[in-house]
Each structure stands twice: as structure tokens, then as C-alpha cells.
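In our numbering, the protein residues as written are 3 to 541.
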């Protein structure tokens with residue numbers, strides 16, 4: 003009996019095991035035969051997806067258009083993630099309102115923070131409000147109202163904001179920044195603050211990568227050393243180099259530099275000008291001009307060429323001077339100022355005019371040196387020589403020294419000229435008029451005495467070692483000749499042509515500048531020689 007019972011129990015267990023295996027087989031067959039339910043793909047770059055929320059509430063009666071999300075809320079739009087503590091999600095409209103601890107992240111380079119975020123899918127614009135901060139590597143933007151356009155990835159504020167990078171701090175009423183291009187634009191009450199200067203403008207563009215500010219409107223850059231005024235150009239805030247256009251102006255310590263285009267280096271103080279350069283030194287009452295030139299604030303070296311002109315206006319009458327090239331710089335060790343003008347020098351002032359090939363003026367001794375065919379005119383007097391040295395006193399001519407081949411002449415009437423020549427001549431001036439002439443060595447003179455009514459009485463010729471002539475109102479008042487002068491007096495009607503002129507006689511009337519504009523004229527050297535004068539006298 004026991005044996006049969008064991009056999010029945012084993013058969014029963016076998017049936018149960020077979021049943022279980024059948025059920026498992028049916029289950030596996032059912033599983034393999036039922037299609038898998040696929041989740042929707044989340045790869046639409048324009049759509050906002052809910053990634054996480056601790057709590058989700060949906061009430062058709064109270065909030066039929068949106069779901070209420072609370073706790074660790076995360077959304078994603080393409081590569082941009084949006085985080086907050088709570089939100090309203092308008093899934094049908096592809097929009098959301100996010101509140102508290104709002105944060106937007108794109109990769110590991112762009113982070114935007116705020117108290118509130120409103121995103122509208124049809125515009126693809128995220129509006130962040132209150133305590134907004136946008137971070138992009140070393141760039142941080144602060145504002146209370148920021149609109150961020152997902153396409154083309156640009157954030158902008160419109161009610162005041164600030165952008166800060168490693169080099170500068172920029173504030174304005176309106177501003178925008180692109181994390182992709184690193185380009186920013188600022189409008190209205192713009193300030194760029196650098197530790198060395200501050201830039202004020204109404205419109206400014208700035209690249210946070212190159213550190214270059216593009217000047218696109220009237221702007222002022224103020225530092226301890228100078229001020230720059232410009233309405234167009236660019237300024238590299240990292241290297242302090244700039245290109246300034248449209249008659250920009252650089253001012254420093256009583257000096258100003260302007261021109262069509264200025265390349266300016268603040269660190270070296272060097273400004274290079276292309277087109278209509280004007281360097282104004284208000285301290286020394288001097289203006290230097292040219293179509294090309296440069297100026298160094300540190301060394302006070304200035305250069306001008308191409309229609310170069312210098313104006314000196316320390317007194318009532320302005321001196322106008324032109325040359326192919328003008329230079330002004332300090333000479334060490336005593337910082338003497340040296341002005342150089344060379345090739346085609348011509349100058350004009352009411353009381354004096356002159357020409358020469360080149361000249362130099364040194365401030366330490368107030369001496370003006372004229373080289374190569376130098377000529378000066380004072381009213382109807384002309385003075386020439388190998389070289390001429392002019393001493394200036396308070397910007398007026400004090401005296402002129404001609405150390406070799408000296409000759410002076412005054413046009414009296416027709417072909418008659420008072421003349422003086424010698425080895426060395428020194429002319430003294432008083433209040434802009436020639437008052438005295440001293441001749442040392444081989445003194446020769448021809449002069450025409452005249453009656454009270456200015457009628458010429460004859461020709462007086464004399465020569466000796468030394469001569470002194472006094473003048474009043476441009477007329478000879480007295481003459482002294484020593485020692486043992488030799489001379490003769492010839493009545494006017496007995497004068498022969500060969501008696502009219504000294505051997506050194508030359509008259510350069512065609513070279514004389516007659517106006518401020520005439521200094522740019524390039525006349526041919528035309529000398530009125532003795533033969534021409536004799537010919538006119540004979541007729």
C-alpha cells in the first residue's frame with residue numbers, strides 16, 4: 003500500500019510541473035506575439051519636453067490649458083535645459099511659466115539665472131525677470147529684464163543692464179549679447195569702464211573675445227592722461243590701440259590732434275594721422291598741419307608733410323609757414339625744443355615775409371636759422387645772404403644776422419634802390435619795423451637822399467670798413483661810415499646805368515609771399531639782374 007501511494011504522489015507532482023511549464027510557455031508565446039508599445043521620440047528641436055517633476059497636477063476645471071508642476075522641475079528644448087522649483091506647462095502651446103530658482107543651461111558654457119521665466123514656443127523667446135544673470139565663460143550679464151531668443155541665441159535687455167568680462171564693465175539702457183559670436187551691442191547712456199579709462203557713448207559694439215569696441219556713434223574716452231572724441235572707428239581695450247575715423251580728436255595736456263583717420267596707441271602716446279592732420283598746441287600757440295603726420299605725447303615729437311603748414315598765433319598777427327616737411331621735438335638733456343622745416347620754406351606775416359630751402363628754430367636761444375638762398379622782407383626792404391639768423395623776442399623779430407655775403411636793399415622809386423652790402427650785416431627791428439643796420443667788413447652802400455617832399459636829389463655811393471644806418475618809418479634817418487670812408491655824390495640827372503647797383507645787387511620780388519595762401523605757391527627763382535635794370539633806366 004505504501005509503495006502505491008508513493009507512485010501516485012510522483013504522478014501528481016509530475017502533472018503539476020508539466021502544467022507550470024505549459025503556463026510559462028504560453029506566457030512566453032504571448033509576450034513574443036504582442037507588439038511592443040513605443041515611447042514618443044523627443045528630438046524635435048522646436049518642442050519643449052518635460053524631463054522631470056516631483057509633482058504634477060492637472061485640473062480641467064481650474065487649469066484646463068496647463069499642468070502645474072512642483073519640485074525639481076526640468077524642461078528641455080533641443081540642447082537647452084530649463085530648471086525651476088515650480089512651473090505652469092502649456093504643452094499644447096509649447097510654452098511654460100517657470101518660478102523660483104530659475105536656471106537655463108546649454109552645454110557647460112552658458113548659464114542664465116532669474117526669479118521668473120516665461121517661454122513662448124511660437125516666438126521661441128525666453129523672458130527672464132528679476133535678478134537675472136547670464137554667464138558665458140568669463141562674461142557675465144546682469145539685469146532685471148532679459149529676453150533670450152533661442153534662435154539665433156541672443157540675449158538682450160531693455161531697461162538697464164551691465165555686462166562684465168575680464169577686461170571691462172559695460173552698462174547701458176539697452177544691450178544685447180550673443181554667446182556664439184561673442185558680439186554685444188549697447189544703446190543709450192553707454193559706459194565702458196576700464197581701470198585706465200572710461201568710454202561714454204550712445205551707441206557701442208563690443209566683442210568679448212577680441213576685446214575690441216567698435217565706435218559707431220559720438221563717443222568720448224576719458225583717462226588721466228588724455229581725452230578722445232570720436233564718432234567712428236574701433237578701440238582695442240586689451241592693447242590700447244585704436245583706429246579713429248571721421249575727424250576724431252585726441253586731446254592731452256593743452257594739445258589736440260585731429261585728422262580724417264588716426265591710428266592711436268594710448269600706451270606709447272603715438273598718433274599717426276592720414277588726411278587733414280591738425281596738431282594744436284594751445285600752450286605754445288602753435289598749430290601744425292599736413293595731409294600726413296604723427297605726434298608722440300611722451301616725447302612731444304611731431305611731424306607733418308604733404309601740404310604741411312605751421313601757424314604761430316601767440317601775438318595779434320599770425321605767422322603762416324609752409325615747407326615740404328615740418329618737424330618739432332625736444333633735444334636732450336635740457337629739453338630744448340627744436341623746430342625744423344626743410345625744402346621749399348615760405349612764410350608770411352603782416353610785418354615780415356621770407357623764403358629759404360630749410361630752417362631751424364631752437365627755443366633755448368629763440369634763434370631762427372635760415373639756410374640756402376634765404377631772403378626776408380620787411381615792408382619795402384629785402385635782406386639776403388648765405389645764411390640768416392633771426393632772434394625772436396616774444397614771437398616778434400628782434401634782430402637778424404647775415405654772417406656772409408650780406409645784402410640789403412630798399413625799393414625807393416622806379417629803378418632806384420637804397421643798397422647796403424658787406425661781409426656781415428646785422429639788422430635791428432623795433433615793433434616790427436627795421437630801425438638799424440650794422441655792416442662789419444667791406445661795407446658798401448648806395449642811397450638816395452631826398453627832400454622833405456620825398457623828391458630824390460641824387461645818388462650817394464660810399465664804402466669803408468664799417469657802416470651803421472639808422473631808419474625811421476622805413477626811411478634812412480642817419481648813416482655813419484668809418485674809418486676813412488670813400489664816396490661820391492651824383493646828381494639824379496647825371497647818374498649812369500652802371501652806377502645804379504652794387505655788385506651784390508639781386509632783387510627777388512617774384513619769390514615774396516604776399517598772403518597766407520601764397521605760401522603754398524612754388525615760384526621759379528627769377529632774379530632781377532643789373533642788366534635788366536640798366537636797360538629800363540636807359541629807356
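Where is the CB? At the ideal position from N, CA and C, for every residue including glycine. The model shown is predicted, which means the values in this text are computed figures rather than measured ones.
- Residue pairing for residue 257: DSSP places it in a beta bridge opposite 254 and 283.
- The segment 507 to 526 makes no contact with the segment 482 to 497; the number of CB pairs closer than 8 Å stays below 3.
- Taking 7 Å as the cut-off, the Cβ atoms of residue 211 and residue 202 do not count as close.
- Close CB contacts of residue 394 within its chain, under the 7 Å cut and outside five residues either way in sequence, are with 368, 370 and 400 (chain order).
- Listed in chain order, the non-local C-beta contacts of residue 351 below 6 Å within the same chain comprise 319 and 321, local neighbours out to five positions each way being set aside.
- Apart from the 5 residues on each side of it in sequence, residue 404 sits with its Cβ closer than 6 Å to the Cβ of 387, 390 and 427 in its chain, given in chain order.
- With the rule of 3 Cβ pairs closer than 8 Å, the segment 325 to 332 counts as touching the segment 342 to 349.
- For the segment 432 to 460, the continuous beta strand (DSSP E) assignments of 3+ residues that do not extend past its boundaries occur at 435 to 449, in sequence order.
- Ranked by how close their Cα comes to the Cα of residue 291, the residues 307, 298 and 285 have 307 in first place.
- Restricting attention to beta strand (DSSP E) runs no shorter than 3 residues, the segment 355 to 396 encloses them at 369 to 373, 377 to 380, 383 to 386 and 389 to 395, ordered along the chain.
- Sorting 472, 259 and 490 by C-alpha distance to the C-alpha of residue 305 places 259 at the top.
- When the alpha-carbon of residue 120 is set against those of 138, 300 and 77, the nearest one is in 77.
- With contact defined as three or more Cβ pairs closer than 8 Å, the segment 449 to 459 and the segment 499 to 506 are not in contact.
- If one requires a minimum length of 3 residues, the beta strand (DSSP E) runs lying completely within the segment 215 to 250 are 221 to 225, 229 to 232 and 235 to 238, in chain order.
- Residue 231 and residue 295 have their C-alpha atoms roughly 19 Å apart.
- Cβ neighbours of residue 47 within its own chain (closer than 8 Å, five residues either side excluded): 79 and 80.
- Counting along the chain, residue 149 sits inside the beta strand (DSSP E) bounded by residues 141 to 151.
- Non-local C-beta neighbours of residue 438 in its own chain, meaning closer than 6 Å and more than five positions away in sequence, comprise 430 and 472, ordered along the chain.
- Ranked by Cα distance from residue 433, the first of 317, 239, 118 and 95 is 317.
- Looking at the DSSP output, residue 493 shares a beta bridge with 460.
- In the three-state reduction of the DSSP assignment, residue 87 falls in the strand class.
- When only Cα atoms are considered, residue 182 and residue 108 end up about 12 Å apart.
- A distance below 7 Å separates the beta carbons of residue 271 and residue 300.
- Between residue 251 and residue 234 a beta carbon distance of about 12 Å is seen, past the 8 Å cut, so the two are scored as non-contacting.
- C-alpha of residue 313 to C-alpha of residue 136: approximately 55 Å in a straight line.
- For residue 352, the secondary structure class from DSSP, reduced to helix, strand or coil, is coil.
- In the DSSP assignment, residue 291 falls within the beta strand (DSSP E) that extends over 288 to 298.
- Per DSSP, residue 404 is one residue of the beta strand (DSSP E) stretching across 398 to 404.
- By the Cβ-count criterion, residue 55 is buried, with 16 or more other Cβ atoms from all chains shown falling within 10 Å of its own Cβ.
- For residue 382, the closest C-alpha among the options 509, 398 and 396 is that of 509.
- Residue state for residue 416 is assigned as coil, using DSSP reduced to three classes.
- A Cβ-Cβ separation of about 5 Å places residue 200 in contact with residue 224 under the 8 Å criterion.
- Of 123, 522, 256 and 133, the smallest CA-CA separation from residue 114 is found for 133.
- Beta-bridge analysis with DSSP links residue 194 to 172 and 201.
- When secondary structure is reduced to three states using DSSP, residue 486 falls in the coil class, being assigned neither helix nor strand.
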